[in-house]
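Data first, discussion second: the structure below is written as structure tokens.
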Amino acid sequence: MEDNDQRVPDPRQLVAVLADTAKLRVFAALVLADPPEGLTAAQLAAAAGADAAETGRALANLGALGLVRGTRGDRYTAAPEVFRRALSELNRQRDEAAAKAFSTTDPARLSVLLNCFQDGKLVYLPEKFGKRQIVLEEVAQAFEPGTRYAEAEVNMVLRDLYPDYAALRRYLIDSAFLSREDGFYWRTGGTVDV
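No gaps in the numbering here: position 15 of the sequence shown is 15 in UniProt numbering, and each next residue is one more.
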């Protein structure tokens, strides 16, 4: 267990290790410990209500993730800042993935899209006009400018994005992202890559 361990564990590992009651009790005892210099393994076992072997295993597992630091004199301290680093890394990865998945890099627009899409599917259609327009513009990117689509093709694309594809199609038309005539649709709005 290193004092300045800056590894960023996978958040799933953090949740998994703390899902074990013994490890959670040991970590909680360290977080709540009064002496800032930390606790010895024996003090920690007593505070956590665990035996020495259980405490040792918990310390090893928690230490492997950087949640526990060993200090001088065989004392241990908690490192809850690991959660902040993991969350920061998770947000960075999410933003990086969003930049690849969506047609915009604007942080405000990305925020709306991240709240409305999950795993490439539209899970929430905002009621507020401005936010809905951002979502509809993103949905419109699924259609190539200058290409005419039969209604069945439009339905197929939209059905893959949102269960109520008919409402989504209507919103796209009403907001002038798609136009329709004689059963055919074409894109008339939204940004276009040049």
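Just so you know, even glycine gets a beta-carbon here, dropped at the ideal spot from N, CA and C.
Answer with buried or exposed for residue i, where buried requires no fewer than 16 other C-beta atoms within 10 angstroms of its C-beta.
| i | result |
| --- | --- |
| Lys128 | exposed |
| Leu87 | exposed |
| Phe117 | buried |
| Thr77 | buried |
| Glu181 | exposed |
| Glu2 | The predicted model places Glu2 with a pLDDT of 45, which falls under 50 and marks its position as unreliable, so this point remains unresolved. |
| Lys131 | buried |
Among residues of its own chain, excluding the 5 on either side of residue i, which ones have a beta-carbon nearer than 7 Å to its beta-carbon?
| i | result |
| --- | --- |
| Arg159 | Tyr165 |
| Gln13 | Leu65 |
| Ala37 | Here residue 37 turns out to be Glu, not Ala, going by the sequence shown. Correct list, in chain order: Thr71, Arg75. |
Does residue i come out as helix, strand or coil in the three-state DSSP assignment?
| i | result |
| --- | --- |
| Arg25 | helix |
| Asp3 | Low per-residue confidence applies at Asp3: pLDDT is 46, beneath 50, and the placement is therefore not dependable enough to give any value. |
| Val8 | coil |
| Leu59 | helix |
| Lys121 | strand |
| Leu65 | coil |
| Ala150 | strand |
| Ala39 | First, the amino acid is wrong: residue 39 is Leu here, not Ala. DSSP places Leu39 in strand when its eight states are reduced to three. |
| Ala86 | helix |
| Gly190 | coil |
What residue does the alpha helix (DSSP H) around residue i start on, and which one ends it?
| i | result |
| --- | --- |
| Ser111 | 107-116 |
| Phe184 | Counting along the chain, Phe184 falls outside any alpha helix (DSSP H), though it belongs to the beta strand (DSSP E) covering 184-187. |
| Gly130 | 129-140 |
| Leu172 | 165-174 |
Sorted by chain position, which residues of the same chain lie with C-beta nearer than 6 Å to residue i's C-beta, five sequence neighbours on each side aside?
| i | result |
| --- | --- |
| Val82 | Gly66, Leu67 |
| Val8 | Arg85, Ala86, Glu89 |
| Gln93 | none |
| Asn155 | Tyr165 |
| Glu54 | Ala22 |
Whole angstroms is fine: what's the gap from residue i's alpha carbon to residue j's?
| i | j | result |
| --- | --- | --- |
| Asp148 | Asp95 | Looking at the sequence provided, one finds Arg at residue 148 rather than Asp. So the alpha carbons of these two residues sit roughly 33 Å apart. |
| Ala50 | Val123 | 45 Å |
| Pro107 | Leu114 | 10 Å |
| Asp174 | Asn91 | 35 Å |
| Val135 | Glu144 | 17 Å |
| Arg169 | Tyr185 | 10 Å |
| Pro163 | Gln133 | 19 Å |
For the beta strand (DSSP E) that contains residue i, what are its first and last residues?
| i | result |
| --- | --- |
| Ser179 | 178-181 |
| Val68 | 68-71 |
| Tyr76 | 75-78 |
Please work out which residues of its chain come closer than 8 Å, Cβ to Cβ, to residue i, disregarding the five sequence neighbours upstream and downstream, and give them in chain order.
| i | result |
| --- | --- |
| Thr188 | Ala176, Phe177, Leu178, Ser179 |
| Leu110 | Asp95, Ala98, Ala99, Phe102, Thr104 |
| Ala140 | Leu172, Phe177, Leu178, Arg187, Gly189, Gly190 |
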